[in-house]
Amino acid sequence: MDQYVIKGGIPLVGEVEIGGAKNAALGILAAAIMTDETVVIDNLPDVQDINVLLEAMSGIGAVVDRINSHKVAINGSMIGEVSVDYEYIKKIRASYYLLGALLGKYKKAEVPLPGGCNIGSRPIDLHLKGFRALGASVSIRHGSIIAVAERLHGSHIFLDTVSVGATINIMMAASMAEGYTIIENAAREPHVVDVANFLNSMGANIKGAGTDVIRIRGVEKLHKTDYSIIPDQIEAGTFMFAAAATKGDVMVKNVIPKHLEATTAKLEEIGCEVEEFDDAVRVVASKRLRTTNVKTLPYPGYPTDMQPQISVTLALAQGTSIVTESIFENRFKYVDELARMGANIKVEGNTAIISGVKSLMGARVSAPDLRAGAALVIAGLAAEGVTIVDDIVYIQRGYERFEEKLRGLGAEIERVSCEKEIQKFKLRVG
0 MDQYVIKGGI PLVGEVEIGG AKNAALGILA AAIMTDETVV IDNLPDVQDI NVLLEAMSGI
60 GAVVDRINSH KVAINGSMIG EVSVDYEYIK KIRASYYLLG ALLGKYKKAE VPLPGGCNIG
120 SRPIDLHLKG FRALGASVSI RHGSIIAVAE RLHGSHIFLD TVSVGATINI MMAASMAEGY
180 TIIENAAREP HVVDVANFLN SMGANIKGAG TDVIRIRGVE KLHKTDYSII PDQIEAGTFM
240 FAAAATKGDV MVKNVIPKHL EATTAKLEEI GCEVEEFDDA VRVVASKRLR TTNVKTLPYP
300 GYPTDMQPQI SVTLALAQGT SIVTESIFEN RFKYVDELAR MGANIKVEGN TAIISGVKSL
360 MGARVSAPDL RAGAALVIAG LAAEGVTIVD DIVYIQRGYE RFEEKLRGLG AEIERVSCEK
420 EIQKFKLRVG
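Numbering-wise (numbering that gives the first Met the number 0), the sequence shown opens with residue 0 and increments by one.
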């Protein structure tokens with residue numbers, strides 16, 4: 000089992016290039032099978048979640064041609080199977096996007112209940128409610144969701160809570176339904192907009208993505224397209240907080256600054272200098288950081304996927320901060336690991352009270368999920384001494400060449416697979 004070994008205390012300095020957005024790519028890849036023509040998708044992140052979804056799509060008969068690590072051609076005309084294998088689904092949650100895609104195109108789909116990070120219950124009842132409103136009969140049998148429709152028809156759907164997954168799934172199915180669909184209380188995240196733009200480039204008729212009301216006029220069929228995925232705002236934010244926590248100076252390139260506004264605002268509040276360019280953001284942290292209060296909210300609020308990263312940074316700030324998690328209930332599982340490094344954090348329900356300490360100490364910690372794993376790497380980069388992060392398979396699900404990019408900023412970090420390699424690293428870095 001691979002681990003990261005890190006010697007901390009080195010400010011990160013330099014430039015880092017951000018890859019394509021994983022969460023947008025997952026929806027876009029699923030939507031690519033909704034036409035019988037070949038779709039080419041560029042700026043694809045080369046991460047575990049993407050590779051698993053592509054395997055699942057191959058498994059039902061889609062022709063997947065990896066042109067290179069960031070570009071893929073997909074042809075869905077040979078799909079003969081609308082039942083997806085559980086082996087793929089248990090690894091990633093976003094495989095449920097195949098439901099909306101298959102239901103839209105073939106009017107039937109069978110997908111096992113999803114897996115992914117254990118950060119709290121993410122019920123799929125809103126997805127099912129949406130499919131039923133479009134005219135599908137939906138049941139759960141033997142651990143799989145089965146959706147079937149004679150025909151899909153437009154509908155007026157109000158989502159009880161803001162859900163990115165349900166918004167994307169319903170949007171895909173409604174794209175090929177007869178008539179007009181309105182989704183109210185829709186998620187506004189940049190990756191929802193990206194999936195809508197992708198579907199529109201294939202001939203769908205979707206308006207209002209990025210607002211809380213999305214209007215869709217169904218079309219009979221979709222056609223081929225060439226499309227490039229937006230940059231990953233969560234990867235960008237992770238490097239921005241890594242710069243802050245290590246007192247560094249980092250230029251984060253290939254980003255859309257508008258998507259980073261909530262993150263940027265918090266970095267400025269805690270005392271960082273943030274400079275925005277057309278497609279880059281520079282973060283400089285030259286002095287000890289101040290505290291702030293944070294509450295995670297749907298976009299354009301502060302993202303839940305950036306909560307562990309800011310918490311690690313605030314653990315080193317002067318004074319007491321309060322972080323409230325309003326999206327997922329299990330999102331503070333990393334706090335016990337941070338405590339091993341000397342952080343002073345008390346969790347009460349969905350709130351963490353963080354009393355800043357002057358420095359963290361290297362320790363052996365374990366990544367409980369994707370974003371918390373990245374946050375523990377940031378803690379290791381900022382800490383004195385050597386930190387070992389176990390279970391980095393979670394991190395590899397969503398960050399491409401993470402250790403390489405950090406090394407490019409001057410970090411002492413290596414991926415290792417045995418105790419001998421850890422000892423070798425310790426000898427090398429002294």
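Where a beta carbon is used, it is the ideal one built from N, C-alpha and C, also for glycine.
For the stretch 2-85, list the alpha helix (DSSP H) runs that are entirely contained and at least 4 residues long, ordered along the chain.
21-30 and 47-58
May I ask you to report which of helix, strand or coil DSSP gives H152?
The residue labelled residue 152 in the question sits at position 153 within the sequence shown. In the structure shown, H152 sits in a strand (DSSP, three-state: E or B).
What residue does the beta strand (DSSP E) around N168 start on, and which one ends it?
Counted from its first residue, the sequence shown places residue 168 at position 169. Looking at the DSSP string, N168 is not in any beta strand (DSSP E); the run it does join, the alpha helix (DSSP H), is V163 to S174.
Enumerate, from N- to C-terminal direction, the unbroken alpha helix (DSSP H) stretches of 4 or more residues contained entirely within the stretch 388-420.
392-395 and 401-406
Determine the direct distance from the alpha carbon of E328 to that of I118, and round the result to whole angstroms.
For the purposes of this step, residue 118 is taken as residue 119 along the sequence shown, with counting starting at 1. For the purposes of this step, residue 328 is taken as residue 329 along the sequence shown, with counting starting at 1. With a pLDDT of 49 at I118, under the threshold of 50, the predicted position of this residue should be treated as unreliable, and no value is reported.
Please report how far the alpha carbon of I5 lies from the alpha carbon of F238, in whole angstroms.
Reading the sequence shown from its first residue, position 6 is the one you call residue 5. Reading the sequence shown from its first residue, position 239 is the one you call residue 238. Roughly 16 Å between the two C-alpha positions.
Thinking V293 and K252 are a contact (beta carbons under 8 Å), I'd like their distance in whole angstroms, please.
In the sequence shown, residue 293 corresponds to position 294, counting from 1. In the sequence shown, residue 252 corresponds to position 253, counting from 1. Between K252 and V293 the Cβ distance is about 26 Å, and since that is not below 8 Å, they are no contact.
Residues near A30 by beta carbon distance below 7 Å, same chain, minus five either side:
Position 31 of the sequence shown holds residue 30. If we look at A30 and ignore the five residues flanking it on each side, its Cβ neighbours are A100, M171, V194, F197 and L198.
Supposed contact pair P307 and A371 - C-beta distance, whole angstroms, cut 8 Å
On the sequence shown, position 372 is the one that residue 371 refers to. On the sequence shown, position 308 is the one that residue 307 refers to. That belief holds up - the Cβ atoms of A371 and P307 are roughly 4 Å apart, short of 8 Å.
By how many angstroms is the C-alpha of V273 removed from the C-alpha of T263?
Translated into positions along the sequence shown, residue 263 becomes position 264. Translated into positions along the sequence shown, residue 273 becomes position 274. Taking the straight line joining both Cα atoms gives about 7 Å.
I need the straight-line Cα distance from V280 to P256, nearest angstrom please.
Walking along the sequence shown from the start, residue 280 turns up at place 281. Walking along the sequence shown from the start, residue 256 turns up at place 257. Cα-Cα distance, rounded: 7 Å.
Out of L380, E80, T290 and F276, state which residue places its alpha-carbon closest to the alpha-carbon of L405.
As a position in the sequence shown, residue 405 is number 406, starting the count at 1. Cα-wise, what sits closest to L405 is L380.
Cβ distance (whole Å) where T319 is taken to contact L288 below 8 Å
Taking the sequence shown and counting its residues from 1, one reaches residue 319 at position 320. Taking the sequence shown and counting its residues from 1, one reaches residue 288 at position 289. Actually they are not in contact, since the Cβ atoms of T319 and L288 sit about 13 Å apart, beyond 8 Å.
What is the DSSP secondary structure of I118, reduced to helix, strand or coil?
Taking the first residue of the sequence shown as position 1, residue 118 is located at position 119. Residue placement at I118 is poorly supported in this model, since its pLDDT is 49, which falls under 50; the coordinates still yield a value, given next. It is coil, neither helix nor strand.
Report the three-state DSSP secondary structure of D193 (helix, strand or coil).
Stepping through the sequence shown from its first residue, residue 193 is reached at position 194. Helix at D193.
Please classify N168 as buried or exposed, where buried requires at least 16 other C-beta atoms within 10 Å of its C-beta.
As a working mapping, residue 168 is identified with position 169 in the sequence shown. It is buried - the Cβ of N168 has at least 16 other Cβ atoms within 10 Å.
At 3 residues or longer, what runs of the beta strand (DSSP E) sit wholly inside the stretch 332-399?
343-347, 350-354, 363-365 and 385-389
CB-CB under 7 Å to V63, same chain, minus the five flanking residues each way: which ones, in chain order?
Your numbering for residue 63 matches position 64 in the sequence shown. Closer than 7 Å at the Cβ level, and outside the excluded window around V63, lie L53, M56, S57, V71 and I73.
In whole angstroms, what is the alpha-carbon distance linking E411 and V428?
Translated into positions along the sequence shown, residue 411 becomes position 412. Translated into positions along the sequence shown, residue 428 becomes position 429. Going by the C-alpha atoms only, they are around 8 Å apart.
Indicate whether G103 and S174 have their beta-carbon atoms separated by less than 8 Å.
Taking the first residue of the sequence shown as 1, we reach residue 103 at position 104. Taking the first residue of the sequence shown as 1, we reach residue 174 at position 175. The answer is yes: Cβ separation under 8 Å.
I269 in three-state terms, based on DSSP:
For the purposes of this step, residue 269 is taken as the residue at position 270 of the sequence shown. DSSP places I269 in coil when its eight states are reduced to three.
Under the three-state reduction of DSSP, which class applies to R187: helix, strand or coil?
Locating residue 187 in the sequence shown gives position 188, counting from the first residue. In this structure, R187 counts as coil in the three-state DSSP scheme.
Does the distance from the C-beta atom of D389 to that of S358 stay below 8 Å?
Indexing the sequence shown from 1 puts residue 389 at position 390. Indexing the sequence shown from 1 puts residue 358 at position 359. Not closer than 8 Å, so no.
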